[in-house]
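Novice: Here it is, the structure in full.
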Amino acid sequence: MQRARDLEKQVKAQVDVGTLAELEILQAQSDVASRDEQLLNAQNLIEDNEDNLKNILNSSFDSEDGLKKIIPADSPVFEPGNENSLEEALKTALTLRPDLLAKKKELDNRNIEAKYNENQMLPTLDLIGSLGLNGLSGDSTTTNGAYDTALSEAFSTNYGLWQFGINLSYPLGNRAAKSKLAAKRLEVAQLLLDIKELEKNIVVEVREAYRQIKTDIKRVQATRVARKLAEEKLNAEEKKFKVGLSTSFNVLAFQEDLAEEQSNEIKAVIDYNKSLTRLNQVMARTLEAHDIKLFSKEDS
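Following UniProt numbering, the numbering of the sequence shown begins with 1 at its first residue and continues without gaps.
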């Protein structure tokens, strides 16, 4: 936009001194108006995105925070080389992914339940024992004896009584236990298949995200070269225009080319950061990547 306005001033100055036709100023003014419209549309899009972000953050639009403009703290950065290798990314994802950990925990629980149901099919062997103490008074030829004598004899352990035995039980048929065991084994088998499928999906997600990062790195590098070349071409055309060897139409065309290449470069950098975020997401490293730590009440 600023380049178009600067060109308009230059064209007007040359028209005033008669080195350019008045048609040239119309071309410059038309381009300024066109870019002004593009700027208004861009500002409107920014405000729409601000509202969407506030809505996601659950900010009330009539609150102090809701009325403030959202200003990015920094520009998108391009720092290739900080991402892990593909092997490290795959290892991290298969170690930290919460959905995979949840499936493995569920498998452990199902294995415990299956083992319990399997034990219900086995015979049981119980050891039975008892111990008693008797107190007697008198002798075998008489029927009379004192109670206190009997009580004393009971605590003397002279007349102990004990029993010992083994109780063996074996379930015959036991269809209910067999049915439960079969059902649990099917659940375990299904969970094993689910885990294998989830692991394959995780590998695909990590490979896609990693590959996209490498592609975006090359895109940024290519768009930077294109932007620098567009700058050089514009500078050369502006020099030709100042000495009367070019027209405002040509200069405006080169300005449009430069603006497009700048936009492509910015978009490539943004896409790189989005791909990096996606890789951290599929690796379950989003919090760590942003140095966010969660503490429980016990830790505080």
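Backbone N, C-alpha and C define an ideal beta-carbon position, used for all residues, glycine too. Given the structure is predicted, the values throughout are model-derived calculations rather than measurements.
1) If you drop the 5 nearest sequence neighbours on each side, which residues of the same chain put their C-beta closer than 8 Å to that of E106?
2) Does DSSP put S59 in a helix, in a strand, or in coil?
3) Tell me whether I202 is buried or exposed, calling it buried when 16 or more other Cβ atoms sit within 10 Å of its Cβ.
4) Below 8 Å between beta carbons: does that hold for A209 and L279?
5) Distance check for N58 and P80, CA to CA, integer angstroms please.
6) Need the endpoints of the alpha helix (DSSP H) that R285 sits in, please.
7) The alpha helix (DSSP H) with T215 in it runs from where to where?
8) Compute the beta-carbon to beta-carbon distance between N117 and A177, rounded to the nearest angstrom, for a pair I have assumed lies under 8 Å.
9) Under 8 Å, with one C-beta from each stretch per pair, do the region 108-123 and the region 179-198 reach the 3-pair mark?
10) Quick one: what does DSSP say F249 is sitting in, helix, strand or coil?
11) Provide the residue(s) that pair with I166 in DSSP beta bridges, ordered along the chain.
12) Could you tell me which of K218, A253, L125 and V206 sits nearest to residue 383, measuring between CA atoms?
13) Between which two residues does the alpha helix (DSSP H) harbouring L71 extend?
14) With distance defined between alpha-carbon atoms, name the residue in T286, S34 and T223 nearest to G261.
15) Using CA coordinates, which residue listed in S130, S169 and V188 is at the minimum distance from Q163?
16) For the ligand SAH, is there a heavy atom less than 7 Å away from the beta-carbon of N44?
17) I'd like the list of long-range same chain contacts for T124, defined as Cβ closer than 7 Å, with 5 residues on each side in sequence excluded.
18) Out of A42, N174, R219 and A226, point me to the one whose CA is closest to M121's CA.
19) I'd like to check one pair, I213 with S275: are the Cβ atoms closer than 8 Å?
20) Express the C-alpha separation of Q221 and A230 in angstroms, rounding to a whole number.
21) So the alpha helix (DSSP H) E79 belongs to, where does it begin and stop?
22) By how many angstroms is the C-alpha of E288 removed from the C-alpha of K111?
23) Please report the straight-line C-alpha distance between E197 and I70, rounded to a whole angstrom.
24) Among D48, F78 and E88, which one has its Cα closest to the Cα of M283?
Specialist: Straight from the coordinates:
1) Excluding positions up to five away in sequence, the list reads L191.
2) Per DSSP, reduced to three states, the secondary structure at S59 is coil, with no helix or strand assignment.
3) Per the 10 Å Cβ criterion, buried.
4) Using a Cβ distance threshold of 8 Å, A209 and L279 count as a contacting pair.
5) The straight-line gap from Cα to Cα measures roughly 34 Å.
6) For R285, there is no enclosing alpha helix (DSSP H), as DSSP marks it with neither H nor E.
7) T215 -> alpha helix (DSSP H) spans R175 to K242.
8) Indeed they touch by this definition, with Cβ atoms about 6 Å apart.
9) Segment contact: the region 108-123 against the region 179-198, three or more CB-CB distances shorter than 8 Å; contact assigned.
10) In the displayed model, F249 falls within a helix according to three-state DSSP.
11) L127.
12) Absent from the model: residue 383. The displayed extent of the chain is 1 to 300, so no value can be given.
13) Going by the sequence as given, residue 71 is Ile instead of Leu. That residue, I71, is in no alpha helix (DSSP H); it is neither H nor E in DSSP.
14) Just to set this straight, residue 261 is Glu in the shown sequence, not Gly. Nearest option by C-alpha distance: T223.
15) Between Q163 and the set S130, S169 and V188, the nearest pair of CA atoms involves S130.
16) Because no ligand of any kind appears in the structure shown, any question about the ligand SAH cannot be addressed here.
17) Take T124, set aside five residues on each side of it, and the residues of its chain with a beta-carbon closer than 7 Å to its own are S169, in chain order.
18) Of the candidates A42, N174, R219 and A226, the residue whose Cα lies closest to the Cα of M121 is N174.
19) Their beta carbons are under 8 Å apart, which means S275 touches I213 by this criterion.
20) Distance between the alpha carbons of A230 and Q221: 14 Å.
21) Neither: E79 is in no alpha helix (DSSP H) and is coded neither H nor E.
22) Checking the sequence, you will find Asn at residue 111 rather than Lys. Cα to Cα, the separation comes out at about 33 Å.
23) When the Cα atoms are used, E197 and I70 turn out to be separated by approximately 42 Å.
24) Ranked by Cα distance from M283, the options D48, F78 and E88 are led by E88.
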